[in-house]
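Asks: Just add 10 to wherever you are in the sequence shown, counting from 1, and you've got this note's numbering. For each residue, glycine too, the CB sits at the ideal point set by N, CA and C. Sharing a structure with you now.
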Amino acid sequence: MELYNKIEEIFYLIVNYCILFIELVGVGVLVYTIIKSVIALFKKTPRLRLDLAEGIALSLEFKMGGELLRTVVVREWKELVILGAIILMRAAMTFLIQWEIKNEKKENAVLKNDEHKTM
11 MELYNKIEEI FYLIVNYCIL FIELVGVGVL VYTIIKSVIA LFKKTPRLRL DLAEGIALSL
71 EFKMGGELLR TVVVREWKEL VILGAIILMR AAMTFLIQWE IKNEKKENAV LKNDEHKTM
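If you want it as structure tokens, here you go:
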């Protein structure tokens, strides 16, 4: 029984480090995206909104991956319910951002098409 407890302890430790790493990558992506977007704001880059939305969506996907992995080590139902709510919230945010990206791409395509027609 002691071996089982030791293996379980090592498993939880490995999973928690993986969660930490995945969430850290998500934060890194978000910080990089924000810095890049601030620079693009001053340069008046036309794809600013699209690049920002794509970066936020990618960051949320990493964060959601960490939360999904966290379900492996949850020990109580209360934690699982909270985790489920967080996952649903992040999934909804990702869905909305993906919808915004799709609409932004359509708008950009229409604008480019209009520019080519006027030339």
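Rounding to the nearest angstrom, what Cα-Cα distance links Glu33 and Phe72 in this structure?
Replies: 6 Å
Asks: Residue range of the alpha helix (DSSP H) that Arg59 falls in?
Replies: Leu58 to Arg80
Asks: How about Tyr22 and Val91: do their beta carbons lie closer than 9 Å?
Replies: No; because the gap between Cβ atoms is not below 9 Å, this pair is not in contact.
Asks: Could you check how far apart the C-beta atoms of Ser69 and Val48 are, in whole angstroms? I think they sit under 8 Å.
Replies: Not really, about 16 Å apart at Cβ, beyond 8 Å.
Asks: Given Thr104, which residues of its chain have a CB within under 8 Å of its CB, disregarding the five upstream and five downstream residues?
Replies: Close CB contacts of Thr104 within its chain, under the 8 Å cut and outside five residues either way in sequence, are with Ala67, Leu70, Glu71 and Met74 (chain order).
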